[in-house]
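With the sequence shown counted from 1, adding 59 to any position gets you the working numbering. Ideal Cβ placement from N, Cα and C applies to all residues, glycine included. Note that the coordinates shown come from a computational prediction; the quantities given were computed from them, not determined experimentally.
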Amino acid sequence: MLGTYYYHQITRKTIIAFGTLFNQIYIKHKDADNNDYSELRVPFAYGPTQKFLARIEQQANLNKPVAMTLPRMSFEMTSIQYDATRKANVTQTFKASDGTNLKKVYLPVPYNIGFQLNIMTKLNDDALQIVEQILPFFQPSFNLTVDLIDSIGEKRDIPVVLNNVSFTDDYEGDFSTRRVLIYTLDFTAKTYLFGPIADSTEGLIRKVQVDMYSGTNTSTAKREMRYTVEPDPTNAGPDDDFGFTENWDFFNDSKTWSPTQQTDI
């Protein structure tokens, strides 16, 4: 199996799905009469915290006339680790269809992907507004439905677990130093990685036949009935809307009686 090229983009899809959870966070500011006078969608991007802190601390110059504004959110993938608690038999396979052909797929391997979400603000109230819009949804997990393999329509619920919340306040320093409050939230996404998908050599089962005998020894026992079932139409695919044709053949010394029944699904 090693050396066979495949790329399902599962890790990339998991990163994107995690990021979409937090790209619609807003904060509001109120005046002395408790009326809203501003509403801001919090900017959100992928990258390490140190990168954004370095931009925040830079002074405005000709090349960068405007310093980075706060509040701001960022996230990054921090780890990927095998999860033995969700291990399944790796040699087991299941059948799936790409709409035309039947495919053989090995059971996926469970992996945990670690994420870190950073909330950077100047005011503590801004940070608290953001945090309160996130924490209630994780008790301690939130399920994301991710289309892991497009070709066979393999969708799975990926639990995203909130592991820890911490914060730092860089308020010490002279008056020229910008204050930055940083809330850090650590998450684990329990995803699955799939191996290569192969064409099934077994093909589609289009006819099932069962013979029933009067005893367990088929060499001496009398055959009493045969049950046969086929799809209708017989050339139906796994994703088509089709029914079944069922047939019972009853055997005795003088004749064979064959009633047929049509079953739709």
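Residues bridged to residue i [DSSP beta-bridge criterion]
i	result
SER200	VAL220
TYR64	None; TYR64 has no bridge partner.
SER273	None; SER273 has no bridge partner.
ARG215	VAL205
PHE246	PHE174 and LEU221
ALA282	The sequence given here has Arg at residue 282, not Ala. TYR272.
LYS228	Residue identity differs from the one stated: residue 228 is Asp in this sequence, not Lys. ASP228 is bridged to LEU240.
LEU252	VAL168
First through last residue of the alpha helix (DSSP H) which encompasses residue i
i	result
ASP299	Here ASP299 belongs to no alpha helix (DSSP H), and DSSP marks it neither H nor E.
LYS72	69 to 79
VAL190	183 to 191
Short Cβ contact (8 Å threshold) for residue i with residue j
i	j	result
SER133	GLY173	no
LEU176	LEU244	yes
VAL205	LYS72	yes
ILE256	VAL164	yes
THR250	GLN268	no
ASN202	ASP216	yes
PHE253	TYR242	no
ILE178	VAL190	yes
ARG282	PHE310	yes
LEU240	ASN183	yes
ILE86	GLN198	no
Bounding residues of the beta strand (DSSP E) (the contiguous stretch that carries residue i)
i	result
VAL239	Taken as a continuous stretch (DSSP letters only), VAL239 belongs to no beta strand (DSSP E), as it is neither H nor E.
ILE139	131 to 141
VAL168	168 to 180
ASP95	95 to 100
ILE86	85 to 89
ALA147	Where ALA147 is concerned, there is no enclosing beta strand (DSSP E), given that its DSSP letter is neither H nor E.
Cβ of residue i within 8 Å of any chain B Cβ
i	result
GLN192	Note that chain B does not occur in the displayed structure, where there is just one protein chain.
8 Å CB neighbourhood of residue i in its chain, flanking five on each side removed
i	result
TYR96	HIS88, LYS89 and ASP90
ASP299	none
GLY78	PHE103, TYR105 and PHE134
THR247	ASN171, ILE172, GLY173, PHE174, VAL219, VAL220 and ASN222
ILE214	Reading off the sequence shown, one finds Lys at residue 214, where the question assumed Ile. Within the same chain, LYS214 has close Cβ partners THR204, VAL205, ASP206 and LEU207.
PRO124	Residue placement at PRO124 is flagged as unreliable, the pLDDT there being 46, under the threshold of 50; a coordinate-derived value is accordingly withheld.
Residues near residue i by beta carbon distance below 6 Å, same chain, minus five either side
i	result
ALA104	SER133
MET271	GLU283 and MET284
ALA76	LEU203 and VAL205
ILE69	LEU207 and LEU252
TYR64	none
SER278	none
Beta-carbon contacts of residue i that lie in its chain and below 7 Å, excluding the five residues immediately before and after
i	result
ILE74	MET136
SER235	With a pLDDT of 49 at SER235, under the threshold of 50, the modelled position of that residue is not reliable, and no figure is offered here.
SER273	ALA280, LYS281 and GLU283
ASN82	PHE103
PHE196	none
When you compare the segment 130 to 149 with the segment 218 to 226, are there three or more beta-carbon pairs, one atom per stretch, that lie closer than 8 Å?
No: the two stretches stay apart, fewer than three of their Cβ pairs being nearer than 8 Å.
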